[in-house]
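Written below as structure tokens is the structure these notes are about.
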Amino acid sequence: MSLATTYNPLDVEAKWYQRWQEMGFFKASPNPDKEPYTVVIPPPNVTGVLHMGHMLNNTIQDILVRRARMQGKEACWVPGTDHASIATEAKVVALLKEQGIEKKDLTREQFLAHAFAWKEKYGGIILEQLKQLGASCDWDRTRFTMEPDLTDAVLEVFVDLYNKGLIYRGVRMVNWDPQGGTALSDEEVLPKNVQAKMYYLRYEIVSAAGLTLKDADKQYITVATSRPETIMADVAVAVNPTDPRYQHLAGAKVRIPLLGREISVIFDAYVTADFGTGALKVTPAHDLNDYEIGLRHNLPVIDILNDDGSLNEKAQLYVGQDRFAARRNIVKDLEAAGLLVKVEEYASIVQTSERTQAVIEPKLSLQWFLKTEHLAKPALEVVENGTIQLHPPKFKNLYRSWMEQPRDWCISRQLWWGQQIPAYYLPDGSLVVARTAEAALTQARAKAGNENLQISDLRQDEDVLDTWFSSWLWPISVFDGFKDPENADIKYFYPTNDLVTAPEILFFWVARMIMAGLEFRGEVPFKNVYLTGIVRDAQGRKMSKSLGNSPDPLDLIRDYGADGVRTGMLFSSPAGNDLLFDMKLVEQGRNFSNKVWNAFRLVKGWEADAALPYAHGLAVDWFAARLAAATAELDEHFEKFRISDALLTVYKLVWDDFCALYLEMVKPAYQQPIDAATLQKTISFFETLLKLLHPFMPFITEELWHELAPRTGRDFVCVAPWPQRPAVADAAGLQTRMEWALGVVSGIRTIRNQKQLAPTKALVLLAKTTQPELLQTYGPLLRKLANLSGIQRTDTAPAAAVSFVHAGAEFFVLLEGQIDLGAERARLEKELEYAQGFKESVERKLSNEKFAANAKPDVLERERQKLADAEAKIAALEQALKSL
RNA sequence: GGGAGAUUAGCUCAGCUGGUUCAGAGCAUCUGCCUUACAAGCAGAGGGUCACUGGUUCGAACCCAGUAUCUCCCA
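For reference, each letter of the first sequence is one residue, going 17 to 900 in this note's numbering.
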């Protein structure tokens, strides 16, 4: 047998993923004998490719799902994709443009045909990529938010909520991209730092109660604005009510420069007195804050812009000119008229379109809204009372702050890719809402009292629904809970158990799923929400395409193995904290795979000799105790969703306890056989470790599972039972005694290092101990781990020896001619000084009457023990010094 | 402007009910080793004013108040 000294994941991973699928391990169906465990994937964009965020998120889900499967639960992980209306439509538009086709030249049907064709071709690549990561989804359950059944669910819900009076149409300020001719969501708008100009304009005061108009200095109020071309849309000038400079303008009227229209001066606390001149022109149609001021003061709205960013007739001036041309021209004209006081440069932020880079125009438009107040209340309640737990819990505050004052949800989008809003307008402009055109017609005829109405007389609303309006139904719709509310799947798998997602969408998605779950099924959609952090680079920058700081996950998997990447990502990602990704992490993950691989190579090479007596009971019993303790610790971490800590627990168990200690203890000399009982125990430990590792590193563990022993049928680690935690007799004693022995080993090794002695040089240890039985029992182990040629008890300090003190006993390592007495004395004195200081501090504490009176008995007992230990140590050190 | 969270080793973070070891891990660093599983390794070592200032307490990284800095969310 010859096994490579380094583990090669490429050979292994594809093979096992295929075998798992062939065996149907990932398939889940309702099984009354098993407890269900359900996770629905946060559906990635159908046209997306795997990025580092997906890797983290899906690795965590897979770990949870694989562990649940091993625990004997009916583990169901539902995969799928999201139609992501904005992102996908943008991609399709861009693709068509490359082919010389403009969206505006297509009908809606033609465009959708292109989009579906594109989705068929490129959609779902990301799901294939997830398989390379090892994601154990039930692929037969793959869903898509725009497939017919899920679309039906969306329409049903829209109609239902409309009929409940929760959906309405209203005016809202949207981010309008004049170049793209569409509204954008806040996520598609990028703030850009620019050097902008602030124009100071004079508005003539035409009347004011407390003002003498003769006074030349007071005939104007100066207003600062960055957008002089919008003055034609002004409806007021606002000042802060506490601003002493403008108190006399109560009730005053001023005249818009050039235009001459009269508007009022109003007082509003929104205005900051020390910005600009403290006087703000109010233009409700073209600024969100102004719009809100307008609402407060009952001001009219004058919209002077066309959809393409040019000025319309309402502007009266510069009609037809682009907003930026109009700005240049009006500045010239204002200057000529002597109404421009000054122009200042200032650093500002403009909002731009992510796609067209055009400057966004805030625009008022008629949109569809969902009232959320009634839905939010119960959704807040279930998080407050712990029915749903957020991990880490700090997100509860954030959730509360949103849900206490929910804003209505704007659910319409001016796009084609998505579910078209099922609202139909009658010729008279009134509307009906229904799932189908036929149903709408029936309603419309009744409404209009006109039986002659035809479908062609109805016009369906052009807008589609926000993508979140389909994804909020995801935990229900993937199980056909709308189509068939009593079906076996939804009854068994819903509510789901855990949801793993990013905090950015806590409100967009998580909160809304909770609302939908409670509203449509009367039950929460999941019990735990695990919030991952954002994956950043080592400098803390968000990973992004434009920065080019994100490695390609598939390259990483190829170079480091899926197991290496999975563990690498988890080494540094406690829940809710951002993950600062560093190649060092995946290297560490790969090295860990390699460590496990080499441990296997070692054990695989051992030959059993049935004639040999069982020789390693100490090591075996100790490791059994360690294993039980670590398993308990691991389970506790999992229960608290401390996945990184869970990994670190297994990592240390495998690397430190199993490889560095246990295997070294039982390892036979080169080409010597091992006793059969120890080998059998070792293999059994190895199997347990593979099980514990499997959720984190599915591939290498499956490979080694099959290498370690012949396997038949369904004997895969993937479905092996999760290790129990057997009670080990005298576990604490075993550990304490082993720690004593390892302390001795450590003392000897330290001396080796200090004296620069080769590990191959065997040493002789002398011990002045009150526990000879320990020395006796652990002697063979000490010999092996510390490379000793002899161990003897002694009552006096030998001459040529270096000593150390451990557990109140003195140990000597014989070293002829290598003793520097001065250095030895200095080292011991330093240690003694330290021990004495420690002793004094404990004594001080113990002699404090209040401490003795108030401290709990176990604390007191611990302090007494510390004092006794310190005294023993001091005595031993003093002895050692004396004997030098 | 309002709110939330954070600040512990060079870096990333634990530290759970205030008291195990005058503060823990991983990585990094330094020293020595190619010791027959693994140099993707082994053995060791160093590294801390627990942001600062006060307070509560017999006792504070932990509780309280204030200050500073940073991050995020909302406006």
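Glycine residues also receive a C-beta, built at the ideal position from the N, C-alpha and C atoms. Predicted model, so just to flag it, every value in this text is computed and none were measured.
If we count the other Cβ atoms within 10 Å of its Cβ and call it buried at 16 or more, is residue i buried or exposed?
i    : result
R124 : exposed
T21  : exposed
N74  : buried
D78  : buried
H390 : exposed
I471 : exposed
L442 : buried
L166 : buried
N503 : exposed
P873 : exposed
Y33  : buried
P711 : buried
K358 : exposed
M754 : buried
M17  : At M17 the pLDDT is 44, less than 50, meaning the model places this residue with poor confidence; the figure from the coordinates comes in the next sentence. M17 comes out exposed.
K113 : exposed
E420 : exposed
Might you give, ordered along the chain, the residues of its own chain that have their beta carbon closer than 8 Å to the beta carbon of residue i, omitting 5 neighbours on each side?
i    : result
A84  : Y53, A91, N513
A232 : Low confidence applies here, because A232 scores a pLDDT of 48, under 50, leaving its location unreliable; read the following figure in that light. If we look at A232 and ignore the five residues flanking it on each side, it has no Cβ neighbours.
L628 : P689, I690, D691, A692
Leaving out five residues on either side along the sequence, give the residues of the same chain with a beta carbon under 7 Å from the beta carbon of residue i.
i    : result
E826 : K784, S819, A892, Q895, A896
E760 : Per the sequence presented here, residue 760 reads as Val, with Glu not at that position. Taken in chain order, the residues that qualify are L798, H822, F827.
D811 : K784
V317 : P300, A301, G310, L380
I76  : V516, Y546, T548, I659
G336 : S326, L327
S446 : K463
Compare the Cα-Cα distances from residue i to each of the options and report the closest residue.
i    : options                : result
K13  : K668, R658, A103       : The structure shown has nothing for residue 13, since the chain only spans 17 to 900.
K499 : E163, Q34, Y216        : E163
E847 : K889, N870, A871       : K889
E478 : E755, A462, H302, W384 : W384
A268 : L595, I282, R658       : I282
T403 : G605, P541, K410       : P541
L182 : R423, E351, Y286, G64  : R423
W36  : P519, K147, I506, L457 : K147
F127 : Y138, G140, L111, L333 : L111
V187 : S762, I427, A815       : I427
F291 : L773, T241, K358, V205 : T241
L781 : L206, G806, Y794, Q792 : G806
With C-beta atoms as the reference, is residue i less than 7 Å away from residue j?
i    : j    : result
Y236 : R261 : no
T945 : L643 : With the chain represented from 17 up to 900, any question about residue 945 goes unanswered, as that position is not in the structure.
L14  : T717 : Here the chain covers residues 17 to 900 and nothing more, so residue 14 does not appear.
I376 : E245 : no
F702 : D579 : no
I530 : A392 : no
P25  : G577 : yes
T198 : Q430 : yes
V270 : I221 : yes
Y178 : V449 : yes
Q808 : A641 : no
Once the 5 residues before and after residue i are set aside, which same chain residues still bring their CB inside 6 Å of it?
i    : result
F867 : K861
E360 : M214
(message) With a threshold of 8 Å, are at least 3 pairs of Cβ atoms found where one atom belongs to the stretch 728-737 and the other to the stretch 665-685?
(response) no
(request) Decide yes or no for the touch test of the stretch 470-486 against the stretch 431-440: beta carbon pairs closer than 8 Å, at least 3 of them. (result) yes
(message) Any contact between the stretch 297-304 and the stretch 246-256? By contact I mean 3 or more CB pairs, one from each, below 8 Å.
(response) yes
(message) Using a Cβ distance threshold of 8 Å, determine whether the stretch 488-508 contacts the stretch 53-62, with at least three qualifying pairs required.
(response) yes
(request) Decide yes or no for the touch test of the stretch 604-622 against the stretch 683-695: beta carbon pairs closer than 8 Å, at least 3 of them. (result) yes
(message) With three or more beta-carbon pairs closer than 8 Å as the criterion, would you say the stretch 740-752 touches the stretch 764-774?
(response) no
(request) Give a yes or no on contact between the stretch 60-67 and the stretch 92-102, applying the rule of three or more CB pairs nearer than 8 Å. (result) yes
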